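In our numbering, the protein residues as written are 7 to 524.
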């Protein structure tokens with residue numbers, strides 16, 4: 007990172023082991039008080055690779071920036087990059103000890119249609135097909151204007167990532183899709199850590215300041231415009247930070263037991279896959295300014311979650327050919343129908359849990375399994391007989407189930423449950439593996455109402471001037487059910503849009519000011 011005389015940053019080297027809690031280790035004293043230093047020792051759960059995260063010292067923070075981005079999420083960092091590239095001076099404020107948010111925990115991939123990587127593999131796709139399949143997945147309740155913008159700009163988002171050093175040319179499929187449009191890193195690793203690392207690199211390359219361990223406690227409106235935030239750091243008095251526009255990208259509320267119970271009391275005992283910072287802060291602050299929250303009771307339950315730690319077992323495992331069996335060793339559902347249907351099928355089982363079964367072929371193609379295995383979530387055997395001894399499934403029935411499935415793959419027809427996707431590879435390559443799973447809270451479809459310009463709308467459906475929102479914080483795009491792979495696409499598509507639109511707004515305000523002077 008280039009040093010600038012006007013900006014001093016402290017180097018925080020965060021050793022991040024994929025899926026393991028890590029400590030941010032300070033090499034320099036970033037903060038002036040002993041009360042603040044203790045924040046750097048807090049553990050957070052992140053799924054990423056080893057990386058360096060460089061953060062701005064609080065004492066070096068200016069009083070004013072062109073654009074203030076609340077949340078160092080994938081959407082927040084994408085917005086900051088676009089604002090900087092438009093010639094503005096943005097800053098990112100993050101309440102956690104490190105950047106990433108829920109983006110860091112993403113595993114399967116990023117959906118996009120008509121991309122250059124699809125074309126290279128001979129995959130014929132269209133934006134209309136992507137639109138219709140996503141609309142069907144949301145049962146027609148999606149905000150159609152947001153959805154249209156989303157699919158039409160998905161390929162450009164893939165190109166933009168590629169131009170910034172994040173190449174997603176490994177294709178797979180997720181439930182509810184009929185084409186391979188889920189883009190992953192070349193080596194098939196989890197997309198979350200890969201994107202966080204790449205976005206941080208792009209942010210640092212542009213010398214965009216990121217302040218961590220800093221909670222935005224209030225969004226402020228002056229002269230009818232949102233142009234100020236109040237920051238609180240432990241041990242210090244609140245600080246007012248002024249901007250010309252504010253972008254909120256603080257994520258959803260899947261880790262807030264209070265908010266979950268308020269809108270969906272039936273889910274209060276479910277584990278969550280969410281990053282612990284996903285507590286709905288941005289939604290609450292925007293509501294206080296007159297913004298409207300929509301679809302708040304629409305919470306996605308992911309079917310395949312490891313229950314001890316709330317770790318998502320990514321859809322990529324099923325997308326590469328795994329099957330689901332009940333405790334009797336039988337398949338019971340189309341594994342790649344939409345998430346809500348798979349979750350419902352599991353919850354109808356007496357045990358309300360099931361097993362993912364896969365072979366060495368799936369193990370080799372889905373690199374995310376490396377992490378699950380290291381954490382001890384995967385049982386294995388050189389054959390079915392050895393595997394069932396470890397997971398207490400009936401050997402004869404599981405053997406029959408696998409043989410029947412392999413015949414379905416060979417014939418390209420699933421007579422039992424009409425599965426039509428991810429049937430290119432059978433389960434015939436030893437070793438064999440199993441992961442016990444059950445449903446868990448994964449994503450909050452509801453959130454702040456925005457338009458296609460990422461402007462926050464009030465209860466009269468008018469933009470709140472100077473205020474933008476992107477990512478899981480925003481509601482409406484996914485309707486009542488989200489398709490796997492669409493959340494990562496959303497944070498890039500609408501994170502970029504928020505940054506671009508905020509930049510245009512700031513420039514227009516400056517133009518009006520200049521015109522008034524002359």
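Beta carbons: idealized from backbone N, C-alpha and C, even for Gly.
From a predicted model like this one, the values you see are computed outputs, not experimental measurements.
Give the secondary structure of residue i by DSSP, where H, G and I count as helix, E and B as strand, and everything else as coil.
i	result
residue 507	helix
residue 364	strand
residue 83	helix
residue 29	With a pLDDT of 36 at residue 29, under the threshold of 50, the modelled position of that residue is not reliable, and no figure is offered here.
residue 455	strand
residue 273	helix
residue 333	coil
residue 405	helix
residue 289	helix
residue 340	coil
residue 61	strand
residue 517	helix
residue 55	At residue 55, the pLDDT of 37 sits below 50, so the modelled position is not reliable; the number obtained from the coordinates is stated separately. Coil, per DSSP.
residue 466	coil
residue 461	strand
residue 238	strand
residue 497	helix
residue 317	strand
residue 261	coil
residue 89	helix
residue 268	helix
Would you mind sorting residue i into buried or exposed? The rule is 16 or more other CB atoms within 10 Å of its CB.
i	result
residue 517	exposed
residue 344	buried
residue 271	exposed
residue 84	buried
residue 507	buried
residue 383	buried
residue 104	buried
residue 258	buried
residue 223	exposed
residue 229	exposed
residue 145	exposed
residue 69	exposed
residue 199	buried
residue 191	buried
residue 244	exposed
residue 319	buried
residue 419	exposed
Going by C-alpha distance, which of the options is nearest residue i?
i	options	result
residue 367	377, 184 and 324	324
residue 510	62, 73, 246 and 67	73
residue 498	87, 489, 322 and 63	87
residue 79	500, 512 and 484	500
residue 102	207, 162 and 256	256
residue 371	430, 409, 91 and 333	430
residue 311	209, 198, 112 and 444	444
residue 207	61, 382 and 486	61
residue 143	472, 387, 235 and 347	347
residue 235	247, 243, 228 and 115	247
residue 135	175, 183 and 148	183
residue 161	99, 229 and 122	122
residue 281	130, 302, 111 and 185	111
residue 306	299, 333 and 276	276
residue 273	446, 113 and 332	446
residue 249	98, 439 and 481	98
residue 479	399, 355, 289 and 317	289
residue 158	340, 385 and 503	503
residue 113	515, 494, 302 and 342	494
residue 398	421, 132 and 333	333
residue 388	365, 408, 410 and 400	365
residue 296	266, 225 and 196	225
If I follow the unbroken beta strand (DSSP E) through residue i, where does it start and stop?
i	result
residue 251	251 to 254
residue 97	96 to 99
residue 470	469 to 475
residue 307	305 to 312
residue 246	245 to 248
residue 74	73 to 76
Hey, is residue i close to the ligand SAH, as in C-beta under 7 Å from one of its heavy atoms?
i	result
residue 171	Because no ligand of any kind appears in the structure shown, any question about the ligand SAH cannot be addressed here.
Over the uninterrupted alpha helix (DSSP H) stretch that includes residue i, give me the two end residues.
i	result
residue 347	345 to 353
residue 3	The shown model of the chain, from 7 to 524, leaves out residue 3, and the question about it has no answer.
residue 325	322 to 325
Is the shortest distance between the beta-carbon of residue i and the beta-carbons of chain D less than 8 Å?
i	result
residue 294	Looking for chain D here will not work: only one protein chain is present.
Beta strand (DSSP E) runs wholly inside the region 148 to 234, at least 3 long, in chain order: If we require 3 residues or more, the beta strand (DSSP E) runs fully inside the region 148 to 234 come out as 176 to 178, 188 to 190 and 221 to 228.
Ranges of the alpha helix (DSSP H) found wholly within the region 370 to 448, counting only runs of at least 4: Entirely contained in the region 370 to 448, the alpha helix (DSSP H) runs reaching 4 residues are, in chain order, 375 to 380, 390 to 397 and 401 to 417.
Unbroken stretches of the alpha helix (DSSP H), 4 residues or longer, contained in the region 100 to 144: Here the runs fully enclosed are 122 to 126 and 133 to 143.
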